[in-house]
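A.B. asks: Everything in the sequence shown is counted per the working numbering, starting at 33 for the first residue and increasing by one.
First the structure, then my questions, so here it is.
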Amino acid sequence: MIKQKEITLQPMSKGFHNIDVIIENAINDFPEIGLINIFVKHTSAALMINENADPSVRLDIDSLLEKMAPESAPFYKHTMEGPDDMPAHFKTAVFGNSISIPVTNYRMNLGTWQSLFFCEFRNYGGSRKIVVTLYF
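Structure follows, in structure tokens:
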């Protein structure tokens with residue numbers, strides 16, 4: 033069986049936002065075993081699974097990304113949507129739009145220190161849509 037739901041996320045600031053609870057609330061009745069896929073319907077936002085205990089991990093990831101893809105770099109050709117747009121596209125290409133997580137014992141089977149993060153790469157991205165698909 034397959035269950036699917038589209039969720040609109042409220043605008044979030046640039047950065048990494050834990051969305052475990054949002055996903056759990058969207059699929060409030062997880063099966064004993066299955067697979068969940070989360071897909072972001074945007075080219076300037078992404079998903080990642082990473083450490084949830086120490087926020088400095090996310091700060092360091094952000095610092096690395098800013099060095100790799102700074103805003104307003106003089107060599108960008110795609111500049112019509114603002115200085116943060118092309119770096120956001122690059123970061124999304126690096127991270128990806130989709131993540132699959134196993135479901136075990138009626139919950140997402142993440143590691144002890146893992147959480148699912150929505151990655152907003154635009155300074156003002158606005159509301160975002162994600163599609164959550166549960167296979168069981």
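Every residue gets a Cβ at the ideal spot worked out from N, C-alpha and C, and that includes glycine.
Of all the options Asp61, Lys123, Lys161 and Ala78, which has the alpha carbon lying nearest to the alpha carbon of Cys151?
C.D. replies: Cys151 has its Cα closest to that of Ala78, out of Asp61, Lys123, Lys161 and Ala78.
A.B. asks: Going by DSSP, what residue range makes up the alpha helix (DSSP H) through Pro119?
C.D. replies: Here the alpha helix (DSSP H) through Pro119 covers Asp117 to Phe127.
A.B. asks: Please list, in chain order, all residues of the same chain as His110 whose beta carbon is under 6 Å from its beta carbon, the five residues on each side excluded.
C.D. replies: Cβ neighbours of His110 beyond the five flanking positions: Met118.
A.B. asks: Since Ser147 sits in a beta bridge, which residues does DSSP pair it with?
C.D. replies: In the DSSP output, where bridge partners are listed per residue, Ser147 has Asn82.
A.B. asks: Do Ala101 and Lys73 have their beta-carbon atoms positioned less than 8 Å apart in this structure?
C.D. replies: No.
A.B. asks: Taking just the CA atoms, how far does Gly128 sit from Ala120?
C.D. replies: Answer to the nearest angstrom: the Cα atoms are 11 Å apart.
A.B. asks: Among Gly66, Thr144 and Met33, which has the Cα closest to the Cα of Asp86?
C.D. replies: That would be Thr144, whose Cα lies nearest to the Cα of Asp86.
A.B. asks: So, helix, strand or coil for Leu97, using DSSP?
C.D. replies: Three-state result, Leu97: helix.
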